[in-house]
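Residue numbers (our numbering), protein chains in the order written: chain A, 1 to 116; chain B, 1001 to 1444.
Note that CB positions come from ideal geometry on N, CA and C, so glycine has one too.
These notes are about the structure you will find just below.
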Amino acid sequence: MYEIWLTANVLFELARVHWPWLLGLSVLWILLVAIRRGVRGRERRHRVGLLALIWVIASVLAVLTVPAMTRSALSNVTYIVDWLNLLAIGAGIGAVITAFAWPLLGLVLGNRRAAH
Amino acid sequence: MDLSNTPTQVLSRRRLLGMLGGLPVAAALSTHSNSARAERVKTQARIVIAGSGLAGIAVASRLQRMLDGAKIIVVDAKEMHNYQPGYTLVATGVWPVDKVIDRNVDFLPSSVEWIKEMVAAFDPVSKSITTTGGQRIQYDYLVVATGLHLDYAQIEGMDVKMIGQHGLASVYPGPQAATATWQAMDAFRAKGGEALMTLPSTPLKCAGAPLKMTFMLMDRLRQAGTADRSKVTFHSALGNVFGVKAVNDNVLARWKALGVNVEFTHRLAAIDLAKRRATFVTPEGEKTEQGYDFIHVVPPMRAPYVVKASDLAWKDGPFAAGGWLEVDKDTLRHRRFPEVFGLGDINGTPRGKTAATVKKSAPIVAQNLVDVIAGREPSMKFDGYTSCPLIVREGSAMLIEFDYEGRLTPSLPLIDPLQESYLAWLMKYQLLKPAYVAVLRGHV
């Protein structure tokens, strides 16, 4: 339980340092979602498939680039614990990117449908 | 944690943590909050904390939440707060220096009185301290968290102001020295040559730092393509390079593979900075002089004179020579003055002068002090926990954790402490400073 508490505090302190970015991104996301609600989209199952693909691609790209962004290299990731954590980090970054892709995709597909 | 003292801060923290982690985090938060709230004790006690480093501020933050009505006074002239675990990253060109410089005022709880003077004398018999400004401050309880003294004066010819010049490096004195050390290392790696790394025989804060500096020097030489025309020798004043045998053996094996030479029982006694020559002495008194292009000096360390000269210091035993604080290693309570506790580097205990030691022991000291105020015996025992993310090259480290007995005690059972790991590097590079700040605020 202590490790969860410690991890949560580390994330809180990171958020405290980077709060302007987090606030800006949150506002941007809310705006995108609000705009998206006004546009009728394509069938749900098509969007879900595309979003899943975006999440996978974004996660893979994150896994490949995060070590270099932290002054390390993918060649240093040789330990199973490293891989598990890196995959989790990649999946998390992929999820954030997908969260932004979701309203954007709705806007693009909705506008295309309206044009037809 | 007492929620009534800082409702806004804790509420926002709880909300954010809830968003970040969902139910498990909320459950953990609830557990910690409830247990701390139950321990809140009403008192009019006057508590003096000598020192405003990690230890002093962490225990002040905790006590102001655990006690209702106490007068808490921090005595320290230092206004800046330096993140010392980051010095090795600055000194090896990984971090910019501004990442290790903060202000104490941003971390000290507002309800704590801060006297911006140094302690000039401790008088535990009269339960008072005297400051450098001449103030005499009475206390009911005292926490000694002064940190330690870097005793460069024991090295003849050493001049801290020259760090960064003539190939002289030393990571310990502060952010400026760490920056200057990187300048010296950067200049050396461009050409290569003879490098000397040193280790004194006294207790050290962050005993892993001399090893990290050696590993990173080797990595910088490799990156610059000058490793082949360089010779790196580690001079230890002891019979080993690290006090935990498993780690010592692992490091020596790695250095053998990297080509680092090791000389044991070689104490740096003197240095001629202009001529770039160092003199080492063996326990038998045999002197050897050696030239160098780059030298990393690790100073002998001892208690600050104000503690060493006081009744609070050990009077006999292995910690007497350094004047370390005489505390019981389990409760961290003074062995002769029961209203005095010690925290951090100043403690005369078998191991542990790191931020991780403070992280583990600050809650113990706070709880034990609250127990004593409440008329109980100290309820918590410290196991000597220390942690060191031992950098083995840029991008990889080993996460070493151990206790008083030198047993490896990994926090997460999956992690092999002697396995070099990107995760350990990521923790050192990105995650430990936020954890450190959470310790300062008394949250972890």
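Check: If we call anything under 8 Å between Cβ atoms a contact, is valine 1262/B one with leucine 1252/B?; Outcome: yes
Check: Please state the DSSP three-state secondary structure of proline 1389/B.; Outcome: strand
Check: Between the C-alpha atoms of serine 1012/B and phenylalanine 12/A, what's the straight-line distance to the nearest angstrom?; Outcome: Confidence at serine 1012/B is low in this model, with a pLDDT of 46, below 50, so the placement of that residue should be treated as unreliable; the coordinate-derived value is given next. Cα to Cα, the separation comes out at about 10 Å.
Check: Is it the case that the Cβ atoms of isoleucine 93/A and alanine 62/A are separated by a distance below 8 Å?; Outcome: yes
Check: Taking 8 Å as the cut-off, decide whether the C-beta atoms of arginine 1103/B and glycine 1442/B are in contact.; Outcome: no
Check: Should isoleucine 124/A be labelled buried (16 or more other beta-carbon atoms within 10 Å of its own) or exposed?; Outcome: The shown model of chain A, from 1 to 116, leaves out residue 124/A, and the question about it has no answer.
Check: Under three-state DSSP, which class holds valine 33/A?; Outcome: helix
Check: Can you list the alpha helix (DSSP H) stretches of 4 or more residues lying completely in the segment 1221 to 1266 of chain B, in chain order?; Outcome: 1245 to 1258
Check: Could you check how far apart the C-beta atoms of histidine 1149/B and arginine 1302/B are, in whole angstroms? I think they sit under 8 Å.; Outcome: 5 Å
Check: Count the other CB atoms, across all protein chains shown, that sit within 10 Å of the CB of proline 1085/B; report buried if there are 16 or more and exposed otherwise.; Outcome: buried
Check: Do you know how far the Cα of glutamine 1367/B is from the Cα of alanine 1257/B?; Outcome: 46 Å
Check: Check the Cβ-Cβ distances between leucine 1414/B and every residue of chain A, and say whether any is below 8 Å.; Outcome: yes
Check: Please specify which runs of the beta strand (DSSP E), each continuous and at least 3 residues long, are wholly inside the segment 1154 to 1215 of chain B, giving them in chain order.; Outcome: 1194 to 1199
Check: Just to confirm the assignment: which complete beta strand (DSSP E) runs, minimum length 3, are found wholly within the segment 1076 to 1133 of chain B?; Outcome: 1080 to 1082, 1101 to 1103, 1113 to 1115, 1119 to 1123, 1128 to 1131
Check: Going by C-alpha to C-alpha distance, which of Leu1168/B, Gln1176/B, Thr1088/B, Val1358/B sits closest to methionine 1080/B?; Outcome: Gln1176/B
Check: Out of Gly1192/B, Tyr1422/B, Ala1374/B, which one is the CA nearest neighbour of alanine 1396/B?; Outcome: Looking at the sequence shown, residue 1396/B is not alanine but serine. Out of Gly1192/B, Tyr1422/B, Ala1374/B, Tyr1422/B has the C-alpha closest to the C-alpha of serine 1396/B.
Check: What do you get for aspartate 1076/B, buried or exposed, if any count of 16 or more other CB atoms within 10 angstroms of its CB means buried?; Outcome: buried
Check: Taking only three categories from DSSP, how would you classify glutamate 3/A?; Outcome: helix
Check: For serine 1035/B, which residues of its own chain have a beta-carbon under 8 Å away from its beta-carbon, when the five flanking residues on both sides are left out?; Outcome: Residue confidence is low: serine 1035/B scores 46 on pLDDT, short of 50, so the model does not pin down where it sits. Its coordinate-derived value is still stated next. No residues qualify anywhere along the chain.
Check: Quick one: Cα of threonine 1179/B to Cα of glycine 1164/B, how far?; Outcome: 8 Å
Check: By how many angstroms is the C-alpha of lysine 1212/B removed from the C-alpha of proline 1410/B?; Outcome: 20 Å
Check: Can you find the residues in the same chain that come closer than 8 Å, C-beta to C-beta, to threonine 1202/B, ignoring five residues on each side of it along the sequence?; Outcome: Asp1151, Pro1300, Met1301, Arg1302, Gly1322
Check: Just to confirm my understanding: we take tyrosine 1404/B, look at its own chain, exclude 5 residues before and 5 after, and list those with CB closer than 7 Å. What are they?; Outcome: Lys1329, Pro1350, Arg1351, Asp1383, Gly1384
Check: By how many angstroms is the C-alpha of leucine 1369/B removed from the C-alpha of lysine 1042/B?; Outcome: 13 Å
Check: For the alpha helix (DSSP H) that contains methionine 978/B, what are its first and last residues?; Outcome: What is shown of chain B runs 1001 to 1444, which leaves residue 978/B out entirely.
Check: Can the beta-carbon of valine 1144/B be found less than 8 Å from the beta-carbon of valine 1340/B?; Outcome: yes
Check: Residues in the segment 46 to 71 of chain A with C-beta within 8 Å of chain B's C-beta atoms, listed in sequence order?; Outcome: Pro67, Thr70, Arg71
Check: If we count the other Cβ atoms within 10 Å of its Cβ and call it buried at 16 or more, is histidine 18/A buried or exposed?; Outcome: exposed
Check: Considering only their Cβ atoms, is the gap separating glycine 1344/B from valine 1358/B smaller than 8 Å?; Outcome: yes
Check: When the Cα of glutamate 1117/B is compared with those of Gln1044/B, Thr1146/B, Val1444/B, Ala1438/B, which residue comes out closest?; Outcome: Thr1146/B
Check: For valine 1372/B, which residues from the same chain have a beta carbon less than 8 Å from its beta carbon, with the 5 sequence-adjacent residues on both sides left out?; Outcome: Tyr1141, Arg1333, Pro1338, Glu1339, Pro1378
Check: So glycine 1057/B packs on tyrosine 1139/B, CB below 8 Å; how close in whole Å?; Outcome: The question names glycine, yet the displayed sequence has isoleucine at residue 1057/B. That belief does not hold up - the Cβ atoms of isoleucine 1057/B and tyrosine 1139/B are roughly 18 Å apart, past 8 Å.
Check: Please compile the residues from chain A whose C-beta is within a distance smaller than 7 Å of the C-beta of histidine 1443/B.; Outcome: Asn9
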